[in-house]
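S.K.: Residue numbers (mature numbering (1 follows the signal peptide of the UniProt record, and there is no 0)): -26 to -1, 1 to 403.
Note that CB positions come from ideal geometry on N, CA and C, so glycine has one too.
Can you read through this structure? Questions will come right after.
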């Protein structure tokens, strides 16, 4: 059973703050040199437009599919007793360096303004050939911000095969309980097959991820349809063979080199057919009652059609902890939906009446834009007194709000970073 923590951990030391401040200063100086045609606030998306037509909202409806309990029990019986999050973190021995020890090239991916107040970088050796994906935290999992006594960040990556579908996906379990000594280890995302006698890897990029209660929901491109896969963090299994293979192998179980495996327990699928969105980012919104899952779709930057934003409510039934509210027909309808003229959205966050949208940069070396929108209008974060707006992270990733600390977490390239939500709002207002 989960037990809540009682004490706050100390914040980062002066050296890290100095490194981040220096990085922010250098990037701000560089941003002011960008020509006005590239950097000024352009393409204002305006206000969000509610989507209410039943023909439109029907395209956002999910269908729930549970993995049979006997399958999961058979897999656990074959692989051994699940270890859970605590067992994973006990094996988290890889160090995640803070910003002061990261390269200048890596730190260039950080936001210019507002600047990150906490940041870490992944090593090239451990992530080469892997594509960074979404981020979620124990701030999503529980309202006290902890899992047991530990503060945890989950970071998704997928094998970079050069194709849109990508390779198998894995999640880093990062223990940030001591900000001065952050460690991590890996778990492969898997899907049970053959009635629980084996598993396959989840072959998809992970552009969105939310850890809510004991469930982890991740976006996936499943064949020709979009889906949310659901994982139970209490069912994490230990791999017994260190090999590139996935599943049952001679001598035990392999997970493409990861020491742990997370088997899916359910999935939610969008309907087939024209006009159905392609899932982009997802995040948790604790400002609603009940808590809700918000989502955005991926619309190319050159598209003339609006981007859809929508939300689903979580089930209040304790027997369905961490699952979405589903009717007797097995469907989960969107609780509300909007259209926005912001395209190429890579991260979405909703809190109160505001929606925050991270938009990709125009060039690989540039910086993205972070918009805050509601039904009254929209504004982007500013890089400083010159009113430029292209100062968000270089390769925008998902957004995750840690309500207990007031921090927004994201990932850009090999940089994992956080900054206060209030600093974003100050930059917009």
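1) Smallest Cα separation from residue 225: which of 53, 280 and 99?
2) For the structure I just gave you, are there three or more beta carbon pairs, one from the segment 127 to 134 and one from the segment 40 to 48, closer than 8 Å?
3) Is any non-hydrogen atom of the ligand GTP found closer than 7 Å to the C-beta of residue 396, if you look at the structure I gave you?
4) Between which two residues does the alpha helix (DSSP H) harbouring residue 63 extend?
5) What span of residues does the beta strand (DSSP E) with residue 202 cover, start to end?
6) Taking the beta carbon of residue 27 as the centre, do at least 16 other beta carbons fall within 10 Å, making it buried, or is it exposed?
7) Answer with buried or exposed for residue 166, where buried requires no fewer than 16 other C-beta atoms within 10 angstroms of its C-beta.
8) With the cut-off set at 8 Å, would you say residue 243 and residue 75 are in Cβ contact?
9) What are the partner residues of residue 311, as DSSP defines its beta bridges?
10) Could you check whether residue 355 and residue 402 sit closer than 8 Å to each other, using their CB atoms as the reference points?
11) Can you find the residues in the same chain that come closer than 6 Å, C-beta to C-beta, to residue 7, ignoring five residues on each side of it along the sequence?
12) Pull up the CB-CB distance for residue 365 and residue 109, whole angstroms please, since I reckon it's below 8 Å.
13) In three-state terms, what does DSSP make of residue 393?
14) For a test of the three-state rule: what should DSSP assign to residue -5, helix, strand or coil?
15) Evaluate residue 23 with the Cβ neighbour count: other Cβ atoms within 10 Å of its Cβ, from every protein chain shown; 16 or more gives buried, anything less gives exposed.
16) Take residue 79 as the anchor and find which of 96, 69 and 251 has the nearest alpha-carbon.
17) Compare the Cα-Cα distances from residue 111 to each of 388, 378 and 397 and report the closest residue.
18) Contact defined as beta carbons within less than 8 Å: I believe residue 58 pairs with residue 210. What is the distance between those atoms, to the nearest angstrom?
19) If you measure between the beta carbons of residue 393 and residue 88, is that distance less than 8 Å?
20) Given this structure, state the Cα-to-Cα distance separating residue 346 from residue 201, to the nearest angstrom.
21) Comparing alpha-carbon positions, which option in 81, 151 and 206 lies nearest residue 235?
22) Measuring CB to CB, does residue 159 end up less than 8 Å from residue 68?
23) Run through the DSSP bridge pairs and tell me what residue 183 is partnered with.
24) Quick check on this structure: which residue in 135, 386, 63 and 25 has the alpha carbon closest to the alpha carbon of residue 369?
25) Using a Cβ-Cβ cut-off of 8 Å, state whether residue 275 counts as contacting chain C.
26) Straight-line CA distance for residue 194 to residue 282?
27) Which residues in the same chain have their Cβ closer than 7 Å to the Cβ of residue 252, if we skip the five residues on either side of it in sequence?
28) On a CA-only basis, which of 278, 91 and 174 is nearest residue 17? Give me that one, please.
29) Are residue 19 and residue 314 touching if we call contact CB-CB under 8 Å?
30) In terms of residues, what are the limits of the alpha helix (DSSP H) holding residue 113?
31) In three-state DSSP terms, what is residue 170?
32) Along the chain, where does the beta strand (DSSP E) containing residue 92 start, and where does it finish?
33) For the putative contact between residue 161 and residue 175, defined by C-beta atoms under 8 Å, what is the C-beta separation to the nearest angstrom?
34) Nearest-angstrom Cα distance between residue 216 and residue 351?
35) Run through the DSSP bridge pairs and tell me what residue 332 is partnered with.
36) Within a Cβ cutoff of 7 Å, which residues of the same chain sit near residue 62, ignoring the five residues on either side of it in sequence?
M.R.: By the coordinates alone:
1) Check the Cα spacing between residue 225 and each of 53, 280 and 99: the tightest is with 53.
2) With the cut-off at 8 Å, the segment 127 to 134 and the segment 40 to 48 do not touch.
3) With respect to small molecules bound, the structure shown includes none, and the ligand GTP cannot be examined in it.
4) 58 to 64 is the extent of the alpha helix (DSSP H) around residue 63.
5) Residues 199 to 206.
6) Looking at its Cβ environment, which holds fewer than 16 other Cβ atoms inside 10 Å, residue 27 is exposed.
7) Classification of residue 166: buried, given that the 10 Å Cβ count is 16 or more.
8) It is not a contact, given that the beta carbons lie outside the stated cut-off.
9) For residue 311, which the question treats as bridged, DSSP gives the partners 284.
10) Against a cut-off of 8 Å, the Cβ pair of residue 355 and residue 402 comes out as a contact.
11) Confidence at residue 7 is low in this model, with a pLDDT of 36, below 50, so its placement is unreliable and the value that follows should be read with caution. No residues qualify anywhere along the chain.
12) About 20 Å; that fails the 8 Å criterion.
13) Here residue 393 carries a strand assignment [DSSP, helix/strand/coil].
14) Its pLDDT being 49, under 50, residue -5 is placed unreliably in this model, and the value from its coordinates should be taken loosely. Three-state result, residue -5: helix.
15) Here residue 23 is exposed. Its C-beta has fewer than 16 other C-beta atoms within 10 Å.
16) It is 96.
17) That would be 378, whose Cα lies nearest to the Cα of residue 111.
18) Right, the Cβ-Cβ distance comes to about 6 Å (below 8 Å), so this counts as a contact.
19) Note that the C-beta distance between residue 393 and residue 88 is below 8 Å.
20) So the alpha carbons of these two residues sit roughly 27 Å apart.
21) Among 81, 151 and 206, the Cα nearest to that of residue 235 belongs to 206.
22) With respect to the 8 Å criterion, residue 159 and residue 68 are classified as neighbours on the basis of their beta carbons.
23) Paired residues: 192.
24) Nearest C-alpha to residue 369 among 135, 386, 63 and 25: 386.
25) Within the model displayed, chain C is absent; a lone protein chain is all it includes.
26) Computed Cα separation, rounded: 18 Å.
27) So the qualifying residues of the chain are 200, 271 and 272.
28) When C-alpha distances from residue 17 are compared across 278, 91 and 174, the shortest belongs to 278.
29) Against a cut-off of 8 Å, the Cβ pair of residue 314 and residue 19 comes out as a contact.
30) Where residue 113 is concerned, the enclosing alpha helix (DSSP H) stretches over 112 to 115.
31) Residue state, collapsed to three classes: helix.
32) Its beta strand (DSSP E) spans residues 92 to 95.
33) For residue 161 against residue 175, the beta-carbon gap comes to about 12 Å, at or over 8 Å, which does not count as contact.
34) Between the C-alpha atoms of residue 216 and residue 351 there is a straight-line separation of about 53 Å.
35) Partner(s): 321 and 344.
36) 147, 159, 161, 210 and 234.
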